[in-house]
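**Q** Quick note on my numbering: the sequence shown kicks off at 582 and runs consecutively. Built from N, CA and C at the ideal position, the CB exists for glycine as well. Predicted model only: the values in this text are computed from it and were never measured.
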Amino acid sequence: MQYKIEDDYIEIELKNSEFSSGGLTIPSQEFKQDGLDYQKWGEKNNYPDELLRLKRESSMHGSILASKSSQVAGYGFTFDDTTPKGKRTAKFLREINSKGQDINELLNPVSDDITTFNAITLSCTFSKDWSKITEVEHIDLSKIRIDKRLDDMGRIMGHWYAWEWDQNKSYRPKNRIWINDFDYINSINKKEQYKQALDRFTNENSHFNSLSDIEKNILKEGERTAILYFKPYQSGCFFYPTPDYSGAITSIESDIESDIYALSAIQNQFDAGYILKVIGKGWSPEKKRNWVKNFYNNHTNTKKAKKPLIMFSDDKDSNDIVIEKLDVSDLNKTYVAINDNVQSKILTAHRLTNPMLAGVQVAGKLGGGNELQDSYKIWYNTVINPYQLMVTKAFNKIMKYNDMETLSIVESNPFTVEGNSNIAEGQESGNNNEIKEVETNE
């Protein structure tokens, strides 16, 4: 008797599977003429959402990112608050936006973004006269898409914000907002133009209508907002950032699949260690699909990962079901080998030489106190501190514009038992510290 696997059915099953996937690929940065006024982030414009899915569904990857984010935020921002400029800085950072947030309340989501996406987006509101930035808010990076229009120098001019980007798969969300890109030099020029227009209007006793259109617009504009989109330079990544763990995305997907495999092995009465041979006659493609669907509904968990392989065989003289067991021990060995390989690649992509630094327990990777100390120094200097420098560089663009003190982040060394004596006065251990209130007459 000869058996054959029904390729048509298996192909349909794979296409409809909740967990079947061709893998998440790094988006092309090629400029596309697709009729849209913004650059899609990924083929389906959902790449950041897919990165967030990996973060949620892979326990190892999610744990490493959470640890990275926490260590990047450290004990919060610090600065020299003993100078007159420092007092103005403290006053500004104590309530940095109309939501009543202080600077350290922005640090946690920003640290999360830089470790997940490798970029930061901040909303900066300028005063009417462009003399200073009055408010700063964190913007969810996954909600931002970059406008395709470039200036004469080939620089990005603005961004689009929308809560959902794949509405009806048209990639044209109805409720979206266009926001200027933060341009330090252009903002300084705007400040000078406003000053000149105001001086001409007030000191030269000029009538408003005698001013140029540019001068009128500058004086009439109210507060305005720009997006500070900060990402490190990466070759070939003009529009969007690429996360530094991108080389392990396939392994992260495999880690998720292996968890599904293990869960389904417990939940299902049957598993892929079995082959069901359905013998009979008159099995049309539709009848086969219905039979398999009913069998799965009645005898297995809804997930495909551990469902038995079903084969159909035409035999006019017999109607029977034969169950054959595969060598499960070989399957388990394969599972363990794949899992070990996946973990190793994820750790390598995150440059985590000692998994315990991120709270990840791996067999045979305990390490003594001195080894952990040495591993932490390498981890901090090569991974955490570079992230912190990117975060402070973004915020210090704002501080420079406002002529305020330079910010830095206080390291939170997990091997330091006592409190860090270098933490700025008014800050506490942890990421939820507050900026000390400073009385000033300025």
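(1) What does a CB cutoff of less than 7 Å around D732 pick up in its chain, not counting 5 residues either side in sequence?
(2) Restricting to runs no shorter than 3 residues, where is the beta strand (DSSP E) found entirely within the segment 696-753?
(3) With 16 as the cutoff for other CB atoms within 10 Å, does P936 come out buried or exposed?
(4) Jot down the residue ranges of each uninterrupted alpha helix (DSSP H) in the segment 652-700, minimum 4 residues, whole runs only, in chain order.
(5) Can V653 and Q924 be called in contact, C-beta distance under 8 Å?
(6) Check whether the Cβ atoms of F893 and Y957 lie closer than 8 Å to each other.
(7) Give the secondary structure of I891 by DSSP, where H, G and I count as helix, E and B as strand, and everything else as coil.
(8) Could you pull the DSSP bridge partners for G643 from this structure?
(9) If you reduce the DSSP assignment to three classes, tell me which class D825 lands in.
(10) Could you pull the DSSP bridge partners for Q905 from this structure?
(11) Cutting at 6 Å between CB atoms, please list the residues of its own chain near I902, excluding the five before and the five after it.
(12) Taking the Cβ atom as the reference point for each residue, do Y842 and Y916 lie within a distance shorter than 8 Å?
(13) When the Cα atoms are used, what is the spatial distance from L953 to E992?
(14) Look up S989 in the DSSP assignment and give the residues it is bridged to.
(15) Rounding to the nearest angstrom, what Cα-Cα distance links K621 and F819 in this structure?
(16) Can you tell which of N689, T715 and L938 has the C-alpha that lies nearest to the C-alpha of F658?
(17) Among all the DSSP beta bridges, which residues are the ones paired with R757?
(18) From the DSSP output, in three-state form, read off L819 for me.
(19) Does the Cβ of F612 have 16 or more other Cβ atoms within 10 Å, making it buried, or fewer, making it exposed?
(20) Inspect the beta-carbon positions of I684 and D694 and report whether they are closer than 8 Å.
(21) Kindly indicate which three-state DSSP category D764 falls into: helix, strand or coil?
(22) List the DSSP bridge partners of L928.
(23) Taking the alpha-carbon of I727 as reference, which of I714, K812 and R669 has the nearest alpha-carbon?
(24) Comparing C-alpha positions only, which one of T987, T963, Y961 and N962 sits nearest to T973?
(25) Would L722 pass as a contact of K978 if the rule is Cβ separation under 8 Å?
(26) Quick one, which of S832, N871, Y982 and I959 has its alpha-carbon nearest S640's?
(27) Just to confirm, is the Cβ distance from F698 to P822 under 8 Å?
(28) Just to confirm my understanding: we take L928, look at its own chain, exclude 5 residues before and 5 after, and list those with CB closer than 7 Å. What are they?
(29) Report back the beta-carbon spacing between L703 and E718 to the nearest angstrom; my notes put them in contact at under 8 Å.
(30) Less than 8 Å between the CB atoms is what I'm expecting for I919 and S839, so what's the real figure, rounded?
(31) Whole-angstrom Cβ separation of A743 and R730, contact assumed at under 8 Å?
(32) Decide if M734 is buried, meaning its Cβ has at least 16 other Cβ atoms within 10 Å, or exposed.
(33) Can you tell which of Y628, K981 and P608 has the C-alpha that lies nearest to the C-alpha of E745?
(34) Beta-carbon within less than 6 Å of D955's beta-carbon, same chain only, minus the 5 sequence neighbours each way: which residues are those?
(35) Looking at the structure shown, is L953 part of a helix, part of a strand, or coil, going by DSSP?
**A** Judging by the given coordinates:
(1) Numbered from 1 along the sequence shown, position 151 holds the residue referred to as residue 732. Only M738 meet the Cβ criterion.
(2) Given a length threshold of 3 residues, each whole run of the beta strand (DSSP E) inside the segment 696-753 is given here in chain order: 701-707, 714-719, 725-728 and 739-743.
(3) Within the sequence shown, the letter at position 355 stands for residue 936. Buried, because 16 or more other Cβ atoms sit within 10 Å of the Cβ of P936.
(4) The segment 652-700 contains these whole alpha helix (DSSP H) runs: 665-675 and 684-697.
(5) The residue labelled residue 653 in the question sits at position 72 within the sequence shown. The residue labelled residue 924 in the question sits at position 343 within the sequence shown. With respect to the 8 Å criterion, V653 and Q924 are not classified as neighbours on the basis of their beta carbons.
(6) Taking the first residue of the sequence shown as position 1, residue 893 is located at position 312. Taking the first residue of the sequence shown as position 1, residue 957 is located at position 376. One thing to note: F893 has its Cβ no nearer than 8 Å to the Cβ of Y957.
(7) Taking the first residue of the sequence shown as position 1, residue 891 is located at position 310. Residue state for I891 is assigned as strand, using DSSP reduced to three classes.
(8) As a first step, residue 643 must be located in the sequence shown, where it is residue number 62. For G643, DSSP assigns no beta-bridge partner whatsoever.
(9) On the sequence shown, residue 825 is found 244 positions in, with the first residue counted as 1. For D825, the three-state secondary structure derived from DSSP is coil.
(10) Counting from 1 along the sequence shown, the entry for residue 905 is found at position 324. Inspection of the sequence shows that residue 905 is occupied by Glu rather than by Gln. In the DSSP output, where bridge partners are listed per residue, E905 has I856.
(11) Working through the sequence shown from its first residue, we reach residue 902 at position 321. Cβ neighbours of I902 beyond the five flanking positions: V859.
(12) Indexing the sequence shown from 1 puts residue 842 at position 261. Indexing the sequence shown from 1 puts residue 916 at position 335. It is a contact, given that the beta carbons lie within the stated cut-off.
(13) Against the sequence shown, residue 953 aligns to sequence position 372. Against the sequence shown, residue 992 aligns to sequence position 411. The straight-line gap separating the alpha-carbon atoms of L953 and E992 is approximately 17 Å.
(14) Here residue 989 refers to the residue found at position 408 when the sequence shown is read from its first residue. The partner list for S989 (beta bridge, DSSP) reads T659.
(15) In the sequence shown, the residue the question calls residue 621 occupies position 40. In the sequence shown, the residue the question calls residue 819 occupies position 238. C-alpha separation (whole angstroms): 13 Å.
(16) For the purposes of this step, residue 658 is taken as the residue at position 77 of the sequence shown. Ranking N689, T715 and L938 by Cα distance to F658 puts N689 first.
(17) The count along the sequence shown starts at 1 and reaches residue 757 at position 176. Paired residue(s): A743.
(18) Here residue 819 is taken as the residue at index 238 of the sequence shown, counted from 1. In the sequence under discussion, the amino acid at residue 819 is Phe, which differs from the Leu named in the question. In this structure, F819 counts as coil in the three-state DSSP scheme.
(19) Here residue 612 corresponds to residue number 31 of the sequence shown, with the count starting at 1. Exposed.
(20) Counting from one through the sequence shown, the residue named residue 684 turns up at place 103. Counting from one through the sequence shown, the residue named residue 694 turns up at place 113. Cβ atoms of I684 and D694: not closer than 8 Å.
(21) As a first step, residue 764 must be located in the sequence shown, where it is residue number 183. DSSP, reduced to helix, strand and coil, places D764 outside both helices and strands of the structure shown, so it counts as coil.
(22) Position 347 of the sequence shown holds residue 928. By DSSP's assignment, L928 forms no beta bridge with any residue.
(23) Here residue 727 refers to the residue found at position 146 when the sequence shown is read from its first residue. For I727, the nearest C-alpha among the options comes from K812.
(24) For the purposes of this step, residue 973 is taken as residue 392 along the sequence shown, with counting starting at 1. Cα-wise, what sits closest to T973 is T987.
(25) On the sequence shown, position 141 is the one that residue 722 refers to. On the sequence shown, position 397 is the one that residue 978 refers to. Their beta carbons are not under 8 Å apart, which means L722 does not touch K978 by this criterion.
(26) In the sequence shown, the residue the question calls residue 640 occupies position 59. S640 has its Cα closest to that of S832, out of S832, N871, Y982 and I959.
(27) Here residue 698 refers to the residue found at position 117 when the sequence shown is read from its first residue. Here residue 822 refers to the residue found at position 241 when the sequence shown is read from its first residue. Contact check for F698 against P822 passes: the beta carbons are separated by less than 8 Å.
(28) Indexing the sequence shown from 1 puts residue 928 at position 347. Beyond the five residues adjoining it in sequence on each side, L928 comes within less than 7 Å, by CB distance, of P936 in the same chain, given in chain order.
(29) The residue labelled residue 703 in the question sits at position 122 within the sequence shown. The residue labelled residue 718 in the question sits at position 137 within the sequence shown. Between E718 and L703 the Cβ distance is about 7 Å, and since that is below 8 Å, they are a contact.
(30) By 1-based counting over the sequence shown, the position of residue 919 is 338. By 1-based counting over the sequence shown, the position of residue 839 is 258. Right, their Cβ atoms sit about 7 Å apart.
(31) For the purposes of this step, residue 743 is identified with residue 162 of the sequence shown, where counting begins at 1. For the purposes of this step, residue 730 is identified with residue 149 of the sequence shown, where counting begins at 1. No, A743 and R730 are not in contact; Cβ-Cβ is about 17 Å, not under 8 Å.
(32) Numbered from 1 along the sequence shown, position 153 holds the residue referred to as residue 734. By the 10 Å Cβ count, M734 comes out exposed.
(33) Residue 745 sits at position 164 when you count from the first residue of the sequence shown. Residue nearest to E745 within the set Y628, K981 and P608 is Y628 (criterion: CA-CA distance).
(34) Position 374 of the sequence shown holds residue 955. In its chain, beyond the 5 residues on either side, no residue has a beta carbon closer than 6 Å to the beta carbon of D955.
(35) On the sequence shown, position 372 is the one that residue 953 refers to. Under the three-state reduction of DSSP output, L953 falls in the helix class.
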